[in-house]
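Asks:
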Amino acid sequence: MQIAVNILHVLFCISLIVIVLLQSGKQAGLSGAIAGGAETFFGKNKGRTIDALLGKWTAVAAIGFLITSIALQIMINA
């Protein structure tokens, strides 16, 4: 069981790093370079922009990372 949680923890960790790096900051960063014309297509729907989707996936990955961190700590102490 601990091995499965460890694998999930590493996957959440790597995905969180990648998702955060793909988000654009104040300047159009890597996601602006990747998205190109897609941002103008989705520009009218702010909830469906690439940055909004990356923001949602960041929250999902962060919650998963937190849950697996707590689960690993409980397994180690038990």
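Just so you know, we're using my numbering here: the sequence shown kicks off at 178 and counts up by one.
A virtual CB, placed ideally from N, CA and C, is assigned to each residue, including glycine.
The structure displayed is predicted, hence computed values, not measured ones.
1) Look at the Cβ atom of Thr235, then the Cβ atom of His186, and state whether they are nearer than 8 Å.
2) Looking only at C-alpha atoms, which of Gln179, Val195, Gln200 sits nearest to Thr226?
3) Measuring alpha carbon to alpha carbon, tell me which of Ser192, Ala255, Asp228, Asn254 ends up nearest Gly241.
4) What is the rounded straight-line gap between the Cα of Phe189 and the Cα of Ala255?
Replies: By the coordinates alone:
1) Numbered from its first residue, the sequence shown carries residue 235 at position 58. Numbered from its first residue, the sequence shown carries residue 186 at position 9. Contact: no.
2) Taking the sequence shown and counting its residues from 1, the one referred to as residue 226 is at position 49. For Thr226, the nearest C-alpha among the options comes from Gln200.
3) The residue labelled residue 241 in the question sits at position 64 within the sequence shown. Selected option, being the one with the closest Cα: Ser192.
4) Position 12 of the sequence shown holds residue 189. Position 78 of the sequence shown holds residue 255. Those two C-alpha atoms are separated by around 23 Å.
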